[in-house]
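One structure is given here, and the rest of the page talks about it.
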Amino acid sequence: MTLEIIRHHDAEDLATATAARIATTVAQLQAEFGSASIVLTGGRIAGGLMFALADPIIADSIDWSRLDLWWGDERYLRAGDPERNDHLADTRLLPQVTIPEERIHRVLGPEASESAEDAARTYAQEIESAATSRARDGRPAFDIVLLSIGPDGHVASLFPETASLRSDAITLVIHDSPKPPPVRVTLGYTALNDCTESWLLASGGEKAAVIDLMLTQGAGPLQIPAAGICAQLRTLLLIDESAASKLATDIGKREY
Numbered sequence: 100m101t102l103e104i105i106r107h108h109d110a111e112d113l114a115t116a117t118a119a120r121i122a123t124t125v126a127q128l129q130a131e132f133g134s135a136s137i138v139l140t141g142g143r144i145a146g147g148l149m150f151a152l153a154d155p156i157i158a159d160s161i162d163w164s165r166l167d168l169w170w171g172d173e174r175y176l177r178a179g180d181p182e183r184n185d186h187l188a189d190t191r192l193l194p195q196v197t198i199p200e201e202r203i204h205r206v207l208g209p210e211a212s213e214s215a216e217d218a219a220r221t222y223a224q225e226i227e228s229a230a231t232s233r234a235r236d237g238r239p240a241f242d243i244v245l246l247s248i249g250p251d252g253h254v255a256s257l258f259p260e261t262a263s264l265r266s267d268a269i270t271l272v273i274h275d276s277p278k279p280p281p282v283r284v285t286l287g288y289t290a291l292n293d294c295t296e297s298w299l300l301a302s303g304g305e306k307a308a309v310i311d312l313m314l315t316q317g318a319g320p321l322q323i324p325a326a327g328i329c330a331q332l333r334t335l336l337l338i339d340e341s342a343a344s345k346l347a348t349d350i351g352k353r354e355y
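So the sequence shown is numbered by the numbering used here: it starts at 100 and just counts up by one.
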């Protein structure tokens, strides 16, 4: 995996800079293609990112009416549950912007689907439909995929040394997630890598060991699922100095 590594001072700087990067990239995409799409992430960094995107300086620079929002994974819980990944956007971002409901692509919860498998099929069909439409312009399914790297190296709900890492399905159901809740719907590598750009995010000293394993010790996707992410145009690793603390000082570009 070839990565462009960008280091930020701390988690707040990382979230703010990523929000600004999103605004700039979305504006460029909308100018060229008329619309853009982002796959949002969960994880601790997502909360700070949602706040940063809701800042009027950033939010007002984005044409939300021409932006599609997706999620890389979702906990199979009822709509509105605070443990769902989309809850952060619902509480911190979406009340501050105007975006058509049809451009917000959610994984159905148990109140709207018969099972997690049913929710996964519905989400996969929605992704396939969008990908088919975008392919007419020669574009991958998504423009930007945001992924938070967990302390064990997982991304979305793809966890180390699990069968999901070998699947070519667009969506997968995880019944035994090592992190609660156990049942989740996640995009697989096939969908996550069907994008123009992928931005891997990591902050905090608890991520330092896995970042070191991935970058300097040759750990592959089976051990570190984040290592299996490779966008069609550009893959970025956006980290703060705590997450980079085990790396040599000359690895990566500093943006602060």
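Where a beta carbon is used, it is the ideal one built from N, C-alpha and C, also for glycine.
The structure displayed is predicted, hence computed values, not measured ones.
Integer Cβ distance of residue i from residue j, believed to fall under 8 Å
| i | j | result |
| --- | --- | --- |
| Leu300 | Leu245 | 7 Å |
| Leu176 | Pro280 | 6 Å |
| Leu152 | Leu192 | 5 Å |
Euclidean distance between Cα positions of residue i and residue j
| i | j | result |
| --- | --- | --- |
| Arg165 | Ala114 | 23 Å |
| Gly141 | Thr231 | 26 Å |
| Pro155 | Val196 | 9 Å |
| Leu257 | Pro324 | 6 Å |
| Met313 | Pro320 | 9 Å |
| Ser297 | Leu335 | 6 Å |
| Ala178 | Glu131 | 35 Å |
| Arg353 | Ala119 | 16 Å |
| Phe150 | Gly237 | 33 Å |
| Lys306 | Asp251 | 8 Å |
| Asp242 | Asp275 | 30 Å |
| Glu227 | Asp162 | 24 Å |
| Gly351 | Ile198 | 35 Å |
| Ser263 | Gly287 | 7 Å |
| Ala218 | Ala290 | 16 Å |
| Val309 | Glu200 | 37 Å |
| Ile203 | Ala145 | 17 Å |
Identity of the residue in the options nearest residue i by Cα
| i | options | result |
| --- | --- | --- |
| Thr270 | Thr285, Pro277, Trp298 | Thr285 |
| Asp293 | Gln331, Gly327, Val282, Thr261 | Gln331 |
| Ser357 | Ile350, Ile121, Gly146 | With the chain covering only 100 through 355, there is no way to say anything about residue 357. |
| Ala268 | Gln224, Lys278, Leu148 | Gln224 |
| Val254 | His107, Arg283, Thr295 | Arg283 |
| Cys329 | Ala343, Glu200, Pro239, Ala342 | Pro239 |
| Asp167 | Ile144, Ser136, Pro181 | Ser136 |
| Gly304 | Gly317, Glu103, His108 | His108 |
Backbone secondary structure at residue i - three-state DSSP
| i | result |
| --- | --- |
| Lys306 | helix |
| Val125 | helix |
| Glu354 | coil |
| His107 | strand |
| Phe241 | strand |
| Glu201 | helix |
| Ile338 | strand |
| Thr384 | Any answer about residue 384 is impossible in this case: the structure gives the chain only from 100 up to 355. |
| Thr115 | helix |
| Thr270 | strand |
Residues bridged to residue i [DSSP beta-bridge criterion]
| i | result |
| --- | --- |
| Lys345 | In DSSP, Lys345 forms no bridge with anything. |
| Ile137 | Leu168, Ile243 |
| Trp163 | Partner(s): none; Trp163 has no beta bridge. |
| Cys294 | Phe241 |
| Leu321 | DSSP lists no partner for Leu321. |
| Ala230 | DSSP, once it has assigned bridges, lists no residue as partnering Ala230. |
Minimum Cβ-Cβ distance from residue i to chain D less than 9 Å
| i | result |
| --- | --- |
| Ala330 | The structure shown contains no chain D; it holds only a single protein chain. |
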